[in-house]
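Listed in order, the protein sequences are those of chains A and B.
In case it helps, my numbering puts the first sequence at residues 544 to 652.
In case it helps, my numbering puts the second sequence at residues 544 to 652.
Following: one structure in structure tokens, then a few remarks.
There are 2 protein chains.
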Amino acid sequence: MVVRRQAQVIRVRPERIDEYEAIHREVWPGVLATIERCNIRNYSIYRMGDLLFSYFEYAGEDYEADMAVMAADPVTQEWWKLTEPMQEPLEGRGDGEWWMTIPEVFHTD
Amino acid sequence: MVVRRQAQVIRVRPERIDEYEAIHREVWPGVLATIERCNIRNYSIYRMGDLLFSYFEYAGEDYEADMAVMAADPVTQEWWKLTEPMQEPLEGRGDGEWWMTIPEVFHTD
């Protein structure tokens with residue numbers, strides 16, 4: 544199993560930072576269960592000013608299929624309805640992306 | 544053993560991006576060996592524009608002591624002599640920091 548690592552960036556609306564951080568201290572169990580079911584592991588989000596950086600590992604065999612499963616999950620859809628208005632996606636992100644995937648410069652295990 | 548996760552950010556001088564990425568495709572073995580000896584694991588660097596975002600895990604028992612070991616390593620010092628002029632540390636970083644540590648908003652295993 545090759546683990547695929549990924550980092551992504553998005554902006555958080557400055558006036559929503561407190562709220563964004565508060566709900567991320569108690570992410571809904573259904574959202575966490577879907578993350579796990581979709582083979583995402585070791586998922587962290589960090590914040591610098593109004594930029595959010597995420598890091599996660601994908602341990603499945605078909606990333607696009609798993610992301611489609613995630614996007615079809617009703618609880619996740621409710622979560623995104625709540626979180627997306629708090630975010631402002633970056634110019635230059637890939638087609639179909641909300642968070643912008645950024646390239647790896649270096650890795651060592 | 545509690546693994547401590549950490550994310551850090553620094554700026555790379557725009558005119559040095561190509562060079563910075565090139566040397567990170569072939570990081571010196573002595574630098575990698577010191578990273579491992581100092582209990583840093585799963586260390587990645589990503590880039591968005593002129594911002595570098597790093598993620599690593601610390602698997603030792605005394606982070607400050609291990610970072611002192613790293614800073615005392617002659618090969619690592621040579622490496623930093625090469626890389627630091629390519630970087631521009633961010634305002635607002637902590638005392639004694641080069642890369643700025645940024646807070647975690649969310650984590651799930």
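Glycine included, every Cβ here is placed at the ideal spot set by N, Cα and C.
Against chain A, a Cβ distance below 8 Å from B/R584 picks out D652. Rounded to the nearest angstrom, the gap between the Cα atoms of A/G635 and B/D561 is 20 Å. Contact fails between the segment 633-649 of chain A and the segment 629-649 of chain B, because fewer than three Cβ pairs, one in each stretch, are under 8 Å apart.
The way I'd put it, the segment 572-579 of chain A does touch the segment 609-623 of chain A; three or more beta-carbon pairs between them come closer than 8 Å.
B/Y563 and B/R556 have their alpha carbons spaced roughly 9 Å apart.
Under the DSSP assignment, A/A550 falls in the beta strand (DSSP E) whose first and last residues are R547 to V555. Any Cβ of chain A closer than 8 Å to the Cβ of B/V570 would place that residue at the interface, and such an atom is present. Close CB contacts of B/V546 within its chain, under the 6 Å cut and outside five residues either way in sequence, are with E600 and A602 (chain order). Taken in chain order, the complete alpha helix (DSSP H) segments of 4 residues or longer contained in the segment 549-617 of chain B are 560-568, 572-580 and 606-615. DSSP places B/M643 in the uninterrupted beta strand (DSSP E) bounded by M643 to I645.
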